[in-house]
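Heads up: the sequence shown is residues 348 to 667, going by the numbering used here.
A virtual CB, placed ideally from N, CA and C, is assigned to each residue, including glycine.
Below: the structure, in structure tokens.
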Amino acid sequence: MSDLRSVILGTGSVLPKRMMSNLDFEGVVETSDEWIQQRTGIRTRYIASEDETTVSLAEGAARRALEAAGLVPDDIDLIVLATATPNNTFPASAVQVQHRLGIHGGFAFDVAAVCSGFVYALTTADLYLKSGMARRALVIGAETFSRILDWEDRTTCVLFGDGAGAVVLQAESGDHGIIASRLRADGSHEEKLYVDGGPSTTGSVGKLRMEGREVFKHAVGMITDVIEDCFAAAGVAADDLDWFVPHQANRRIIEASAKKLGIPMEKVVVTVDRHGNTSAASIPLALDAAVRDGRVRRGDLVMLEAMGGGFTWGAVLLRW
């Protein structure tokens with residue numbers, strides 16, 4: 348089984364119907380378009396309406412990924428869904444997506460690693476596929492972060508948006524697919540980025556809390572650590588990369604990380620200006636955008652990376 352690699356057969360994404368610009372916040376909190384753009388690079392984000400949920404967005408992204416792969420739901424026997432905003436405490440949102448797609452076999456579960464969730468989910472699915480426990484997998488990142496924002500906190504409510512992205516994976520022999528992945532976590536940083544509620548503590552959903560400067564301070568170093576480990580494992584360097592698809596949290600973090608790694612910005616996929624921070628959905632949203640507009644092509648070497656609350660962080664290197 349060691350000669351198998353998990354290859355991405357198709358990508359898909361969905362955004363909520365409602366777009367919210369920076370100007371829309373000027374009547375909600377004390378802020379401005381200029382203030383938000385200077386500090387984050389964000390211009391717009393999408394906010395889910397009452398009839399749009401993490402599961403409905405995930406289903407839409409999954410169907411588009413299946414279409415791009417030329418497959419139907421019955422071709423899938425594993426769903427791994429990364430989210431910090433599930434529809435219910437249980438059952439898992441992945442199981443709900445499985446049902447909505449009409450899949451009755453295989454297995455499905457959620458992964459909770461916040462903004463690193465998609466990288467964690469992709470790595471997990473890769474291991475299942477290479478072990479032979481599944482044939483084809485849907486890996487989804489989906490969030491409705493607007494549900495857990497404090498809309499009176501100008502330092503956080505302007506940063507996040509909702510959306511979903513998905514990929515279809517299949518294990519194949521050859522040079523394409525996932526080459527290396529590295530995951531990390533350090534729970535000592537919990538209070539720097541967390542939600543102040545939960546079933547076992549407050550019995551409520553809670554709201555997102557963040558120490559922005561502390562997160563920024565740790566982000567670049569942690570991100571470069573796992574990326575360099577992937578490079579070493581694969582025997583490649585930053586110069587060999589065709590595309591860098593980072594978590595879309597803040598343009599300044601993206602630029603600082605690229606600079607430290609020696610990756611020119613023309614090789615970096617950036618969608619944070621349009622989508623804001625969509626947590627586990629940000630990498631698959633950005634990847635789908637770059638695939639559909641023709642930037643990412645067969646044979647390209649692509650690096651995915653993310654860091655999220657916990658802290659969790661990780662990277663995946665793949666040959667398209």
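Item, Value
"Boundaries (first-last residue) of the alpha helix (DSSP H) holding A415", "T401 to A416"
"Reference A489; option with closest CA among A653, S360 and P593", "S360"
"R501 versus G582 - alpha carbon distance", "44 Å"
"Cβ-Cβ distance between R639 and W667 below 9 Å", "no"
"Beta strand (DSSP E) runs wholly inside the region 463 to 498, at least 3 long, in chain order", "483 to 491"
"Which residues DSSP lists as bridging G388, in chain order", "None; G388 has no bridge partner."
"Residues that DSSP places opposite M366 in a beta bridge", "Y393"
"Same chain, Cβ closer than 8 Å to V376, neighbours up to 5 away in sequence not counted", "W498, E499, D500, R501, C504 and V505"
"Close beta carbons around C521, own chain, < 8 Å, minus the five adjacent residues each side", "Position check: residue 521 holds Gly in this sequence, whereas Cys was assumed. Contacts found: R352 and V354."
"Residues that DSSP places opposite G735 in a beta bridge", "No answer is possible for residue 735: it lies beyond the span of the chain, which begins at 348 and ends at 667."
"Whole-angstrom distance between A585 and A579, CA atom to CA atom", "10 Å"
"Length of the line joining the Cα atoms of A405 and G512", "7 Å"
"Counted within 10 angstroms of its Cβ, other Cβ atoms place S629 as buried (16 or more) or exposed", "buried"
"In DSSP terms, what D457 is bridged to", "L428"
"Range of the contiguous beta strand (DSSP E) that encloses F591", "W590 to P593"
"Limits of the beta strand (DSSP E) - the one that R529 falls within", "G524 to A532"
"Residues that DSSP places opposite W660 in a beta bridge", "R531 and M654"
"Distance, G657 Cα to G534 Cα", "5 Å"
"Close beta carbons around M348, own chain, < 7 Å, minus the five adjacent residues each side", "Summary for M348: the model assigns pLDDT 42, below 50, so the residue's position carries little reliability; its value from the coordinates is reported in the next sentence. Here the set comprises K477, S478 and G479."
"G357 burial status per 10 Å Cβ neighbour count (16 or more: buried)", "buried"
"Straight-line Cα distance separating M557 from F563", "11 Å"
"Euclidean distance between Cα positions of G290 and D350", "One cannot answer for residue 290 here, as it falls past the ends of the chain, which runs 348 to 667."
"Start and end residues, beta strand (DSSP E) containing R352", "L351 to V361"
"Close beta carbons around N597, own chain, < 6 Å, minus the five adjacent residues each side", "T387"
"Alpha-carbon to alpha-carbon, E575 and K607", "11 Å"
"M557 - partner residues in DSSP beta bridges", "L540"
"Reduced DSSP category for R639 - H, G, I as helix; E, B as strand; rest coil", "helix"
"Under 9 Å between C-beta atoms of S528 and L664", "yes"
"Distance between beta carbons of T625 and D509, contact taken as under 8 Å", "7 Å"
"Residue of F465, I423, G545 and G559 minimising C-alpha distance to G453", "I423"
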